[in-house]
Every structure is written in structure tokens, then in C-alpha cells.
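What follows is a short report on a single structure.
Have a look at this one:
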């Protein structure tokens, strides 16, 4: 590739620019290759974690779907998938509804102790999971919440709260207050104004907050290790024990599916970001 | 619902109070108070929830580091009698008798093992003495035990005459103790009650140092790898940059376990990297890379790298390109120009990324647990070990509290230099 350089560039400048480009690409490969390697390995016909000779020669017999079949036919994996979605869904509902309400309150300039409350609400993101897990184990056991769905949902909702707070307050900070007063001055009740004017405008922030909360729960394993009974095993928990006890490519098949989930997630977030920018763009010009 | 939505988010601006009459001012103050109350009412449900779900559990853990009820609940009678003991020689027969009775009772309900385990923590080797004596006491008749239990106990094992044994029991029986914190700091209390550095194995300070050292290495690796990439992305045409950003964001959003699995597949003895190396005859034998400190550091660097790149990228994006051009057109050589002009401008992103990576890696659990083997373990893994395997919850809580203090100090630094509310996502 040719690159145009300013006239005062010496050979050393150019060399520097090329070595920068090289190291940047090297780091990009370091980031993406480990993830991409998993995908072909999950179609391995042999129970290995590495490429077989046949795979490298692209022999069709070296590839198979057997590890994907193994997911569907294994009741433990099916239960884990179900649990991950159940716990993630309810934890998301809980953290998003409480979090959105609180973010609306926190974005008011009249909010007392704002800084302190903000620090408290963001702290589940900072405190190491092992400490949260140990504390929850002691505390939830007292209330009979350990080993129950309720306990895990509450625990995961607490972890999701900071993300909802961050995304919704960010959306509210760009919110034009005059729109709300416009609604009021046109004779709409505060409640109606809130749902018809405010909610549609902050919706992208609420949805992305909810997605962060869901992914946090979906990917969480430390709290599950400490709080879940055998009936509440989730996908990451199942992967954790699989990696510790008996490594087989079923885990790679699950991992491939999870990569697809994160791609879908990334695309949705990007679409939301564009939509939110468009809405704000309208606001600026209108 | 209605009161939560009336005025909350959209407050009017402050009115100029000079222009108001007394009544209006009072009305305005009342209005202001009402706004405050509404805003607060919106936050209350979440505050209550976080208090129950998160703050109270952390508080329980802090309490657990001091609170140690197990032995006090198992042998209350013996401990009560032991209070009169002067710490010299064998305690008198009332103590010995009641211990014999307690041991029989515990053996009958299968709790003598728990007692043995707890005492063993203060005096290694005591476990077998307690267990075997409990078995022997179980066979003795109740009245005989109450009258003559002490003698039987001494006959069961001569160590029951040893003051050190009773000192260990007394120590284990304290409901509130600083013992776990002393252990967590590699200290101990002498029989005279003075605090000194533990004579036996000192592991925890070493473990904290090692954890901090590993976190530092990971942070530096992220910095070295992340800085050039962030620079390249920030200065590339925006179409290229947006496309290449996927390479950073996809790993970021991919499950932690997926990324750890990937490193296991790559680094294990028969894994991808080793087949590659042996296939190209670079090494004759597969290298042992997995289950070492090396694999922990490399996998964690991979996992935490986006946390470094994203803040650096957003700061670099805002730096005017003409700064560097100006410096270089004025005759500055590239390296001094970079060090004196560009680098200082990136410091906010650099400190944000570095502190974030450091904070996260200090408390990391999953990756060291899966790829760390024995020498890649960090402080979180030892806390988990004491929670799940050795059942020494008090020590786990004390170690956790120290880790929490460390993290909160770092968070405080982060908040001062970066601002906690400046955390942005996506």
C-alpha cells in the first residue's frame, strides 16, 4: 500500500509510520485470532481442541456437527441454556425498571447527595466479584435465597444496575428539557407528557442499558458458582465445570454460538446508537 | 406512579429571588423542596434494592472477618469453665470433665469433626486428637463421664494435659476475634498477647504482592499493545477506523468464558500453538504454557486490552493533528515531539485505561482459576479456596476485606483523576 507523507518526512519518519502500522495490525490479530480459532475447531470430528491433519487439508470427513448435537441431546446443557435466559430476563427487568426510575431522579439538578448516591449505585461494577459472591453467600443463606432462582435474579440485577444508570443518565444528559415543558404547555398532563415525549426519546438509552444488564447476567459465573444449586446451573457455569473437569469440544460449539450472540448484540447496539444520533440530530435542527 | 412523574426530571431554573415577594419566595422554596423530594422518591426503590442485594451482603462479609461463632456454639459449657483458667498448666477437672461431656455430645450428632477442624487451625495436629478422643468418649456412660471424664480424656490422649492445646481451644472459642485479620496479614499473637510476625509459613503478604505484580505486568502489557493500536485507529480515515474497531469491540463483547476457552485451546500441550511450533520444527517438544503464570497474564491481557484501547482512542480522537505537525515543522525530532507534545495530551485516556485495567485485574477470579494452574493463582482464588474447600470463612472474609480496601483506594484514585461518573459504555 502506498501512503502519502508530508514533504518534511525523512526515511526514519516513514519507517516509523510503517512500523506503527505493522504493530497496530499485529495487536488487532492478537485480539481477534483467539476468537476466530474457536469457530472451525468446534466442527472438529475428533474430540480434540486442536486442528487435525484432515481439517488442515479441508477433508469433509474431518468436520462434523457432532458437538452441536451433543449440546441439544445433553439435558444439562439444555437446562443451562434455559436457566441463563430465565435468570437473565428477570434480572434485566428488575435492574432496568428500578435503574431507569432512579436515573430520571438522579438527572434532576435538585437531587440531594447526588455524588454519593451515584458512587454507591456504580459500586457493584467496581467491587471484585469474588467479594460480592462471598458476601452474598453469607447474607442470602440467612434468608434462604441461596440455591434459588430468586436469589440469583436479585444478585444479577444488582450487577446490572450500574450499566442501566450509566446509559440512561447519559441519554438524559442530552435531553432537551424544553420538550417536556412544551408538552405541558400544550395541556398534556405530566404523566402523559412523560410517556409520550420523554420515554420515546430516552428509549434507546433504556434499551442499551437493558442489553448491558442482560449480557452481564448472561456472562456471569462467579456469583452462580457460589449461589446456585445444581438446578440453577447456567451456560457459563456449565462451561466453567466443563473446562475444569472434562474438556471436550462441546464447549467450543457452545462458545461459537455465544460468539454469534455477541455479534448480534454488537449490531443491535450500533443500530441503537445510530437511531439515537438521528433523534438528537432532529432535535438540533428542529 | 403519578407522583413519580409530575415534576421530577424537568426542573425549572432558579428564579431570581430579589424580584419575589415574601410569599412568592416561600412558595418557591416549597416548590424546590417538592422537587427534591420527587427526585429522591424516584431513587429510593433502587437504593433499597441495592442496600438489600449488595450493601448488606458486603457488610455481612466485613462482619464475618471478626465474627467467629462456630466453636462458641459447639462447646459453650467448656469455654465458660475455661474462663477461670490462668493459662498455666493443665486446666482443672471441671474444665476437663465438661470437655469430655461436650465431646460425647458432639460425636453423637457428628459435629466433632467441625470442632476438630476449627481447633486445628490454631494448633496444627489437634484435629486427630479431638476426633479420636471424641470417638472414645462416645462409648462412655453419661454419669461416669460427668464424674470422671477428665481422667478419661487425659487417658485418651496425653496432649489434653498440654496448656498449648487449651490455649488453642480458648482462642478458637472467641466469638469476636482479630485472629483472621492477623492471619491474613501474616501476623500472630503470642501467648502473652503480643502481635508478631508469624513464625510458621508466611503466604498472604506474598500473595498480595504477587497479585499486585501480576496486575502491574498486565497493565503494562495492555499499555504497550494498546497505545500504538489506539493511535493508529485514531489517525486512520474514519471508515477504516470504524471497520477495524470491530476487531476491538467483538472480543470486548464476547463472553469471558469464551475467551478463556480460546486460550485453553491455543495454549494447551496438544493445542494450536504447540502443534504449530512443533509442526514448523521450531521446538521439538510441546511447551508447557497452560496452567502457568504466563498463561494467566497473556489471557488476562487479551481480555482487558479493550478497556485500555477504548479510553485511549476517545482521547486521541480529540487531539488536533496540527499539534504534532506544528512541532515537527518547527524542527522537533519525532521522538521528542511525541514525548513533549502528544504523550501529555493523551494522559487522561492513559490514566483512565491503566487504572481501569489495574483495578479489574487485581480482583480477577475466573481466568486465573481456569488457566493459572498453581503458580498463576491470585488473591481472589485463595479467597474462593477458603470459601469452598477449606471452609475457613472467617479468613476468607478477612482476606476479602483487605482486597476491598485495596480496590476502594484505587477506585478513589480513579475517581479523583478520571471521575467515576465519566465512565462511558459502547
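Chains as they are written, first to last, in my numbering: chain Y, -18 to 267; chain Z, 19 to 444. Every residue, glycine too, gets a C-beta built ideally from N, C-alpha and C.
Within its chain, find whatever has a CB closer than 6 Å to the CB of residue i; leave out the 5 residues flanking it on each side and keep chain order.
i	result
residue 152 (chain Y)	183 and 186
residue 36 (chain Y)	43
residue 226 (chain Y)	none
residue 28 (chain Z)	Residue placement at residue 28 (chain Z) cannot be trusted, given a pLDDT of 43 that sits under 50; the coordinates are not used to answer.
residue 80 (chain Z)	419
residue 233 (chain Y)	19, 22 and 23
residue 311 (chain Z)	393 and 394
residue 223 (chain Y)	232
residue 81 (chain Y)	149 and 187
residue 222 (chain Z)	202 and 204
Grouping DSSP H, G and I as helix and E and B as strand, with all else coil, what is residue i?
i	result
residue 258 (chain Y)	helix
residue 224 (chain Z)	helix
residue 86 (chain Z)	coil
residue 424 (chain Z)	helix
residue 229 (chain Y)	coil
residue 288 (chain Z)	coil
residue 156 (chain Y)	coil
residue 126 (chain Y)	coil
residue 107 (chain Y)	coil
residue 183 (chain Z)	helix
residue 350 (chain Z)	coil
residue 162 (chain Y)	helix
residue 102 (chain Y)	helix
residue 92 (chain Y)	coil
residue 229 (chain Z)	helix
residue 247 (chain Y)	helix
Excluding the five sequence neighbours on either side, which residues of its own chain have a C-beta within less than 8 Å of the C-beta of residue i, listed in chain order?
i	result
residue 363 (chain Z)	333, 337 and 341
residue 248 (chain Y)	none
residue 193 (chain Z)	85, 86, 87 and 90
residue 98 (chain Y)	87 and 92
residue 120 (chain Z)	92, 93, 95 and 96
residue 290 (chain Z)	283 and 284
residue 399 (chain Z)	383, 386, 387 and 390
Give the C-beta separation of residue i and residue j to the nearest angstrom, bearing in mind that I take them to be a contact with Cβ-Cβ under 8 Å.
i	j	result
residue 146 (chain Y)	residue 103 (chain Y)	7 Å
residue 210 (chain Y)	residue 128 (chain Y)	3 Å
residue 114 (chain Y)	residue 75 (chain Y)	19 Å between Cβ atoms; not a contact.
residue 78 (chain Z)	residue 125 (chain Y)	So it is not a contact: roughly 15 Å between Cβ atoms.
residue 182 (chain Z)	residue 172 (chain Z)	The Cβ separation is near 15 Å, so there is no contact.
residue 119 (chain Y)	residue 75 (chain Z)	7 Å
residue 16 (chain Y)	residue 277 (chain Z)	7 Å
residue 154 (chain Z)	residue 130 (chain Z)	With a Cβ gap of about 11 Å, residue 154 (chain Z) and residue 130 (chain Z) do not count as contacting.
residue 221 (chain Y)	residue 271 (chain Z)	With 8 Å as the limit, residue 221 (chain Y) and residue 271 (chain Z) do not qualify as a contact, their Cβ atoms being about 19 Å apart.
residue 156 (chain Z)	residue 126 (chain Z)	6 Å
residue 314 (chain Z)	residue 390 (chain Z)	4 Å
residue 52 (chain Y)	residue 58 (chain Y)	5 Å
residue -2 (chain Y)	residue 247 (chain Z)	Contact flag wrong, Cβ pair sits at about 14 Å.
residue 186 (chain Z)	residue 141 (chain Z)	4 Å
Opposite residue i in the DSSP bridges: which residues?
i	result
residue 91 (chain Z)	None, per the DSSP bridge assignment.
residue 343 (chain Z)	Residue 343 (chain Z) pairs with nothing; no bridge assigned.
residue 206 (chain Z)	Z:214
residue 194 (chain Z)	Z:85
residue 25 (chain Y)	Y:44
Short of 7 Å in beta carbon distance, which residues of its chain neighbour residue i, apart from the five on each side in sequence? Order them along the chain.
i	result
residue 216 (chain Z)	204, 205 and 206
residue 454 (chain Z)	Missing from the structure shown is residue 454 (chain Z); chain Z here goes from 19 to 444 and no further.
residue 136 (chain Y)	117, 204 and 208
residue 229 (chain Z)	380, 396 and 397
Flag residue i as yes when its Cβ comes closer than 8 Å to any non-hydrogen atom of the ligand COA, and as no otherwise.
i	result
residue 60 (chain Y)	Absent from the structure shown: the ligand COA. Ligands present: none.
Give the interface partners of residue i over in chain B, defined as CB-CB distance under 7 Å, in chain order.
i	result
residue 67 (chain Z)	No chain B is part of this structure, whose protein chains are labelled Y and Z.
Using a beta-carbon distance cut-off of less than 9 Å, what residues from the stretch 238 to 251 of chain Y approach chain Z?
239, 240, 242, 243, 244, 246, 247, 250 and 251
Under 7 Å (Cβ pairs) to chain Y, residues found in the stretch 394 to 408 of chain Z:
Listed by position along the chain: 398, 401, 402 and 405.
Against chain Y, which members of the stretch 421 to 435 of chain Z pass a CB distance test of less than 7 Å?
Cβ proximity to chain Y below 7 Å picks out 421, 422, 425 and 429 from the stretch 421 to 435 of chain Z.
Select from the stretch 106 to 123 of chain Y all residues with a C-beta closer than 9 Å to any C-beta belonging to chain Z, and list them in chain order.
106, 107, 108, 109, 110, 111, 112, 113, 114, 115, 116, 117, 118, 119, 120, 121 and 123
Taking a Cβ distance cut-off of 7 Å, strictly less, list which residues of the stretch 75 to 91 of chain Y are near chain Z, in chain order.
79, 80, 82, 83, 85, 86, 87, 88, 89, 90 and 91
Under 7 Å, CB to CB, which of the residues in the stretch 257 to 270 of chain Z have a partner in chain Y?
262, 265, 266, 267, 268 and 269
May I ask you to list, following chain order, the residues of the stretch 281 to 296 of chain Z that have a beta carbon less than 7 Å from some beta carbon of chain Y?
281, 282, 283, 284, 286, 288, 289, 290 and 293
When you check each C-beta in the stretch 72 to 87 of chain Z against every C-beta of chain Y, which residues fall closer than 9 Å?
Those would be 72, 73, 74, 75, 76, 77, 78, 79, 80, 81 and 82, in chain order.
Within 8 Å of chain Y by C-beta, residues of the stretch 32 to 64 of chain Z in sequence order:
Legend: CB atoms of the stretch 32 to 64 of chain Z lying less than 8 Å from CB atoms of chain Y belong to residues 50, 53, 54, 56, 57, 58, 59, 60, 61, 63 and 64.
Please list the residues of the stretch 340 to 370 of chain Z that have a C-beta atom closer than 8 Å to any C-beta atom in chain Y, keeping them in chain order.
343, 346, 347 and 352
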